[in-house]
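S.K.: With my numbering as the guide, the letters of the sequence shown map in order to residues 75 to 370.
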Amino acid sequence: MQKPVKRGNAWCIQVRYKNLRDTATRDTARECEQWAAIRLLEMKAEYDPKKTQEQKPYFSFYGLCQKYYDEEGCKKRGKSFIEQQIKKETFKKYFGDLAEKSIYEIEPIDIKNWRDKRLKDVTSGTVHRQMCLYTSVFNYAKNELFMIKENPFAQVVKPEKPPSRNRLISPSEIEIILQALNYKIGTTPKTPRQYVAWAFLFAIETAMRKGEIVGITCNNIHADYVHLPITKNGDARDVPLSKEARELLDLVPHTDRVKLIPHNSNSFRLVWQRAIEKTELHNIVHFHDTRHEAIT
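Given below as structure tokens:
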């Protein structure tokens with residue numbers, strides 16, 4: 075295998091095996107070498123098809139997800155979701171034997187079977203989001219690492235996303251949730267559960283998303299608005315404060331700390347989930363329903 079050669083702004087490399095020859099052009103020498111290593115294995119397999127399985131390197135699905143997170147996913151705004159999905163215990167629970175299967179052996183039928191089985195346990199929205207993530211993982215292997223030619227996730231139809239919720243939260247449901255989180259309206263939150271309850275009320279007043287509230291820092295807070303440097307849509311915006319929202323903010327001391335509430339996205343989710351599961355509102359009220367409640 076020859077070394078990469080720079081030509082203009084690009085790098086070229088040539089691979090030869092027996093009477094087979096192939097070339098490629100990439101942006102960097104490293105990408106050329108990655109492509110060449112995989113292509114050489116493919117050429118050997120093409121020359122002797124009986125040895126195809128022997129000459130395919132082993133690289134597990136789980137290993138690819140770890141590599142994707144380390145090199146790409148950790149830089150993305152949704153990194154907490156990615157990190158949550160690829161935790162070893164969680165990942166193996168979701169995928170079973172498929173987690174350790176080589177990415178060279180994973181076929182679209184494997185993904186279809188996983189999708190159908192997963193839909194029996196969770197909503198179509200959850201499966202849709204997970205399939206979008208793993209489609210990105212395999213696109214990374216295909217387009218950045220040049221390890222595979224086809225993306226098995228891209229060849230399987232994703233379940234339809236559920237329609238947007240427009241459910242209002244009733245006063246009695248608010249009371250049930252506050253009781254589950256051990257919070258009394260008008261008091262200063264002190265425990266992790268009470269901060270989640272406070273955020274629940276603040277979301278009802280402002281229509282702010284959970285992640286936006288968790289991300290508030292004290293210098294984002296102004297007399298009549300909260301400044302959000304970055305939102306789900308990628309833009310900054312100012313959230314006006316109603317009288318009730320301002321009163322809620324005044325309950326939380328925010329002069330001697332950076333973050334307004336002592337939670338990250340994952341700890342917030344766990345506290346909310348554990349509390350709501352103990353009530354009759356499990357799978358009925360979602361935190362995101364506060365946005366519709368506030369807007370209406």
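Ideal placement from N, C-alpha and C gives every residue a C-beta, glycine not left out.
Specify, as a first and last residue, the run of the beta strand (DSSP E) that Q88 falls within.
M.R.: Sequence index remark: in the sequence shown, residue 88 carries index 14 (1-based). Per DSSP, Q88 belongs to the beta strand (DSSP E) from 84 to 91.
S.K.: Could you pull out every residue in the same chain whose Cβ sits closer than 7 Å to the Cβ of K194, ignoring the five residues on either side in sequence?
M.R.: As a first step, residue 194 must be located in the sequence shown, where it is residue number 120. For K194, where only same-chain residues beyond five positions count, there are no Cβ hits under 7 Å.
S.K.: Quick check on K284: buried or exposed, where buried means 16 or more other Cβ atoms within 10 Å of its Cβ?
M.R.: As a working note, residue 284 is residue 210 in the sequence shown. Buried.
S.K.: Candidates L207, P336, Q204, H296: which alpha carbon is nearest A319's?
M.R.: Looking up residue 319 in the sequence shown gives position 245. The residue with the shortest Cα to Cα distance from A319 is H296.
S.K.: If you drop the 5 nearest sequence neighbours on each side, which residues of the same chain put their C-beta closer than 6 Å to that of T126?
M.R.: The residue labelled residue 126 in the question sits at position 52 within the sequence shown. Note that T126 has pLDDT 48, beneath the 50 cutoff, so the model's placement of it is unreliable and no number is given.
S.K.: To the nearest angstrom, how far is the alpha carbon of R81 from that of M221?
M.R.: Your numbering for residue 81 matches position 7 in the sequence shown. Your numbering for residue 221 matches position 147 in the sequence shown. Looking at the two C-alpha atoms, the distance is approximately 24 Å.
S.K.: Alpha carbon to alpha carbon, what distance is there between R104 and E145?
M.R.: As a working mapping, residue 145 is identified with position 71 in the sequence shown. As a working mapping, residue 104 is identified with position 30 in the sequence shown. Cα to Cα, the separation comes out at about 15 Å.
S.K.: Based on Cα-Cα distance, which residue from P237, S176, F165, S339 lies nearest to L207?
M.R.: Taking the first residue of the sequence shown as 1, we reach residue 207 at position 133. The option with the nearest alpha carbon to L207 is F165.
S.K.: What residue from H362, Q347, D363 has the CA that sits closest to H416's CA?
M.R.: With the chain running from 75 to 370 in the structure shown, residue 416 is simply not present.
S.K.: Measuring only the C-alpha atoms, how far is V313 from A349?
M.R.: Locating residue 313 in the sequence shown gives position 239, counting from the first residue. Locating residue 349 in the sequence shown gives position 275, counting from the first residue. Whole-angstrom Cα-Cα distance: 28 Å.
S.K.: Let me make sure I understand the geometry here. Which of S339, A281, I177, R203 has the alpha-carbon closest to that of P226?
M.R.: Your numbering for residue 226 matches position 152 in the sequence shown. Among S339, A281, I177, R203, the Cα nearest to that of P226 belongs to I177.
S.K.: Please report the distance separating the alpha-carbon of S339 from that of V288.
M.R.: To locate residue 339, count along the sequence shown from 1; it is residue 265. To locate residue 288, count along the sequence shown from 1; it is residue 214. Computed Cα separation, rounded: 7 Å.
S.K.: Note down, one range per segment and in chain order, each alpha helix (DSSP H) of at least 4 residues found wholly within the region 286 to 358.
M.R.: Runs found: 317 to 324, 339 to 351.
S.K.: Which of helix, strand or coil does DSSP assign to K194?
M.R.: Within the sequence shown, the letter at position 120 stands for residue 194. In the structure shown, K194 sits in coil (DSSP, three-state: anything other than H, G, I, E or B).
S.K.: Identify the residues that DSSP records as bridge partners of V79: which are they?
M.R.: What you label residue 79 is simply residue 5 of the sequence shown in a count that begins at 1. C86.
S.K.: Going by alpha carbons, who is nearest to L315 out of L322, K306, T197, Y299?
M.R.: Working through the sequence shown from its first residue, we reach residue 315 at position 241. For the residues L322, K306, T197, Y299, the minimum Cα distance to L315 belongs to Y299.
S.K.: What are the boundary residues of the alpha helix (DSSP H) that R267 is part of?
M.R.: Taking the sequence shown and counting its residues from 1, the one referred to as residue 267 is at position 193. Start and end: 266 to 280.
S.K.: Suppose you measure from the CA of G260 to the CA of Q253; what does that come to, to the nearest Å?
M.R.: Numbered from 1 along the sequence shown, position 186 holds the residue referred to as residue 260. Numbered from 1 along the sequence shown, position 179 holds the residue referred to as residue 253. So the alpha carbons of these two residues sit roughly 14 Å apart.
S.K.: Where in the region 190 to 249 do unbroken runs of the alpha helix (DSSP H), each at least 4 residues long, occur, reported from the N-terminal end onward?
M.R.: Whole alpha helix (DSSP H) segments, 4+ residues: 198 to 217.
S.K.: Would you decide whether A273 is buried or exposed? Buried here means 16 or more other CB atoms lie within 10 Å of its CB.
M.R.: One-based indexing of the sequence shown puts residue 273 at position 199. That one is buried.
S.K.: At a cut-off of 6 Å, would you count S154 as near the ligand MN, judging by its Cβ distance to the nearest heavy atom?
M.R.: Ligands displayed in this structure: none; no statement on the ligand MN is therefore possible.
S.K.: If you drop the 5 nearest sequence neighbours on each side, which residues of the same chain put their C-beta closer than 6 Å to that of V79?
M.R.: One-based indexing of the sequence shown puts residue 79 at position 5. Result list for V79: C86, in chain order.
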